[in-house]
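Peer 1: In our numbering, the protein residues as written are 148 to 482. C-beta: ideal position from N, C-alpha, C; glycine also. Nothing here was measured: the structure is a model prediction, and the numbers come from that model.
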Ligand code: PMV
């Protein structure tokens, strides 16, 4: 078989969950307790470049820094899988460039892990199809499973212990709902205080509401799927916003409580509720203080100006639904 001798490059988007992943049935493989749904963004891609290294050990450089734990062990886990699967043993040098900082609760690690998974599969000529790639990305970061396929995605929790049935797939293509707009409101770029992994473990171990949360997500997944496929903004609004609120409320019922939002977040949410009286919009929040607003193109400029006037220090970035991970052809230079 012909081997990939030169560098390979892959690019992947962040994805924003509409139905949140919060709870693992297997921490080593990042297998979730519930299904989740998300959409890829058309901006803020992460690029992963991979090449053979004449060195004693693999190297993983992310935004100019050699990765230490916990990220290093996640990359290593994926590389081990690739080596076993391809029966090859080259030492690799991986360079990852993100446009969104990781650990701010805006899916930066999902983009990085999925770009890395695709580059790995290309470098080792693994010939994986989308479902297998999604499962490989999942080993790096659970939510990365949803940055492999195009557009709106469903990540199936799966039931098998090896995780081969826990992958994401497209439920609506990125260009099927052209009026949809997604606004990232960046209030704070400091890393989150409790990582998603630690937060999920603490909630599962200490919250009396964890089981109810799990059942609710699995119950809501097919209902939200219908709302997305019907492009029913109103129905999606109430389902997605309430799911995000429930996830944050759930975190506050852990011992000790986990609070990802800040006072600035709460002020923005109050403002969004005001705007919601006159405009189609809803918000969601990942494990961080930065709200994400979904709206339709007719209301975008009003919402943007209103946020700029009331929160001049916030950075507001408008995106659309976007495609999933892809191989980048070129000269191998990471810009
Ligand atoms: O994939 P992780 O371990 O970064 O966890 C992501 C968790 C949330 O972003 C809060 C929810 C989600 O479904 O993306």
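1) To the nearest angstrom, report how far apart residue 287 and residue 244 are at their CA atoms.
2) Do the CB positions of residue 291 and residue 314 come within less than 7 Å of each other?
3) With a threshold of 7 Å on Cβ separation, who are the neighbours of residue 482 within its own chain once the five nearest residues in sequence on each side are excluded?
4) Considering only the alpha carbon of each residue, which of 202, 343, 437 lies closest to residue 504?
5) Cα separation between residue 157 and residue 465?
6) Apart from the five residues just before and just after residue 446, which ones in its own chain have a Cβ nearer than 7 Å to its Cβ?
7) Could you pull the start and end residues of the beta strand (DSSP E) that residue 342 belongs to?
8) Under the assumption that residue 360 contacts residue 393 (Cβ atoms under 8 Å), give the Cβ distance between them as a whole number of angstroms.
9) Using only the alpha-carbon positions, how far apart do residue 177 and residue 311 sit?
10) By the 10 Å Cβ neighbour count, where 16 or more other Cβ atoms means buried, how is residue 438 classified, buried or exposed?
11) What I want to know is whether the C-beta of residue 289 ends up closer than 6 Å to one or more non-hydrogen atoms of ligand 1.
12) Should residue 435 be labelled buried (16 or more other beta-carbon atoms within 10 Å of its own) or exposed?
13) Should residue 433 go down as buried or exposed, given a rule of 16 or more other Cβ atoms within 10 Å for buried?
14) Which stretch, first to last residue, makes up the beta strand (DSSP E) that contains residue 167?
15) For residue 300 and residue 318, what's the separation of their Cα atoms in angstroms?
16) Using a Cβ distance threshold of 8 Å, determine whether the stretch 172-189 contacts the stretch 468-476, with at least three qualifying pairs required.
17) Let me check understanding here. Comparing Cα to Cα, which of 367, 396, 399, 376 lies closest to residue 386?
18) On the criterion of 16 or more Cβ atoms from any shown chain inside 10 Å, does residue 153 qualify as buried, or is it exposed?
19) Can we count residue 256 as close to ligand 1, meaning its CB is less than 6 Å from some heavy atom?
20) Are the beta-carbon atoms of residue 329 and residue 462 separated by less than 7 Å?
21) Using the three-state DSSP reduction, which class does residue 402 fall into: helix, strand or coil?
22) Taking 6 Å as the cut-off, does the CB of residue 171 come closer than this to any heavy atom belonging to ligand 1?
23) Start and end of the beta strand (DSSP E) containing residue 315?
24) Have a look at residue 377 and residue 166 and give me their C-alpha separation to the nearest angstrom.
25) Decide if residue 468 is buried, meaning its Cβ has at least 16 other Cβ atoms within 10 Å, or exposed.
26) Go ahead and pull the three-state DSSP assignment for residue 482.
27) How many angstroms separate the CA atom of residue 307 from the CA atom of residue 199?
28) Just confirm the distance between the C-beta atoms of residue 442 and residue 391, as a whole number of angstroms; I'd bet it's less than 8 Å.
29) Compare the beta carbon distance of residue 275 and residue 268 with 7 Å and say whether it is the shorter of the two.
30) Can you name the start and end residues of the alpha helix (DSSP H) that residue 417 belongs to?
Peer 2: Once the coordinates are examined:
1) Residue mapping note: residue 287 aligns to position 140 of the chain shown, counting from 1. Residue mapping note: residue 244 aligns to position 97 of the chain shown, counting from 1. Spanning the two alpha carbons is a distance of roughly 16 Å.
2) Within the chain shown, numbered from 1, the residue matching residue 291 stands at position 144. Within the chain shown, numbered from 1, the residue matching residue 314 stands at position 167. Contact: no.
3) Along the chain shown, read from residue 1 onward, the residue named residue 482 stands at position 335. Bear in mind that the predicted position of residue 482 carries a pLDDT of just 47, short of 50, making it too unreliable to give a figure here.
4) The question about residue 504 has no answer, for the chain in this structure spans 148 to 482.
5) Taking the chain shown and counting its residues from 1, the one referred to as residue 157 is at position 10. Taking the chain shown and counting its residues from 1, the one referred to as residue 465 is at position 318. Roughly 23 Å separates the two Cα atoms.
6) Along the chain shown, read from residue 1 onward, the residue named residue 446 stands at position 299. The residues are 426, 427, 428.
7) Translated into the one-based positions of the chain shown, residue 342 becomes position 195. Taken as a continuous stretch (DSSP letters only), residue 342 belongs to no beta strand (DSSP E), as it is neither H nor E.
8) The count along the chain shown starts at 1 and reaches residue 360 at position 213. The count along the chain shown starts at 1 and reaches residue 393 at position 246. Between residue 393 and residue 360 the Cβ distance is about 7 Å, and since that is below 8 Å, they are a contact.
9) As a working note, residue 177 is residue 30 in the chain shown. As a working note, residue 311 is residue 164 in the chain shown. The alpha-carbon atoms of residue 177 and residue 311 are separated by roughly 12 Å.
10) The residue labelled residue 438 in the question sits at position 291 within the chain shown. By the 10 Å Cβ count, residue 438 comes out buried.
11) For the purposes of this step, residue 289 is taken as the residue at position 142 of the chain shown. Here the distance from the Cβ of residue 289 to the nearest heavy atom of ligand 1 is below 6 Å.
12) Your numbering for residue 435 matches position 288 in the chain shown. Buried.
13) Your numbering for residue 433 matches position 286 in the chain shown. Buried, by the Cβ-count rule.
14) Within the chain shown, residue 167 is the residue found at index 20, counting from 1. Looking at the DSSP string, residue 167 is not in any beta strand (DSSP E), and its letter there is neither H nor E.
15) For the purposes of this step, residue 300 is taken as the residue at position 153 of the chain shown. For the purposes of this step, residue 318 is taken as the residue at position 171 of the chain shown. Using only the alpha carbons, I get a separation of about 5 Å.
16) Counting C-beta pairs closer than 8 Å gives three or more between the stretch 172-189 and the stretch 468-476, which meets the contact rule.
17) Stepping through the chain shown from its first residue, residue 386 is reached at position 239. Residue 367 is the option with its Cα nearest to residue 386.
18) Along the chain shown, one-based indexing puts residue 153 at 6. Residue environment for residue 153: exposed (fewer than 16 other C-beta atoms within 10 angstroms of its C-beta).
19) For this step, residue 256 is matched to residue 109 along the chain shown. Indeed, a heavy atom of ligand 1 lies less than 6 Å from the Cβ.
20) The count along the chain shown starts at 1 and reaches residue 329 at position 182. The count along the chain shown starts at 1 and reaches residue 462 at position 315. Taking C-beta atoms as the reference points, residue 329 and residue 462 fail to come closer than 7 Å.
21) Stepping through the chain shown from its first residue, residue 402 is reached at position 255. The DSSP-derived three-state label of residue 402 is coil.
22) Residue numbering aside, residue 171 sits at position 24 when the chain shown is read from its first letter. Judged by the Cβ position, residue 171 fails to qualify as a neighbour of ligand 1 at the 6 Å threshold, every heavy atom of the ligand being at least this far.
23) On the chain shown, residue 315 is found 168 positions in, with the first residue counted as 1. 315-319 is the extent of the beta strand (DSSP E) around residue 315.
24) Within the chain shown, the letter at position 230 stands for residue 377. Within the chain shown, the letter at position 19 stands for residue 166. The straight-line gap from Cα to Cα measures roughly 16 Å.
25) On the chain shown, residue 468 is found 321 positions in, with the first residue counted as 1. Classification for residue 468: buried.
26) Here residue 482 corresponds to residue number 335 of the chain shown, with the count starting at 1. With a pLDDT of only 47 at residue 482, under 50, the local geometry of the prediction cannot be trusted, and the value read off the model is given with reservation. In the structure shown, residue 482 sits in coil (DSSP, three-state: anything other than H, G, I, E or B).
27) Taking the first residue of the chain shown as 1, we reach residue 307 at position 160. Taking the first residue of the chain shown as 1, we reach residue 199 at position 52. Residue 307 and residue 199: Cα-Cα distance of roughly 34 Å.
28) Reading the chain shown from its first residue, position 295 is the one you call residue 442. Reading the chain shown from its first residue, position 244 is the one you call residue 391. Contact doesn't hold; Cβ gap of about 15 Å is too wide.
29) Residue numbering aside, residue 275 sits at position 128 when the chain shown is read from its first letter. Residue numbering aside, residue 268 sits at position 121 when the chain shown is read from its first letter. Result yes, Cβ atoms of residue 275 and residue 268 sit closer than 7 Å.
30) On the chain shown, position 270 is the one that residue 417 refers to. Element bounds for residue 417: 410-423.
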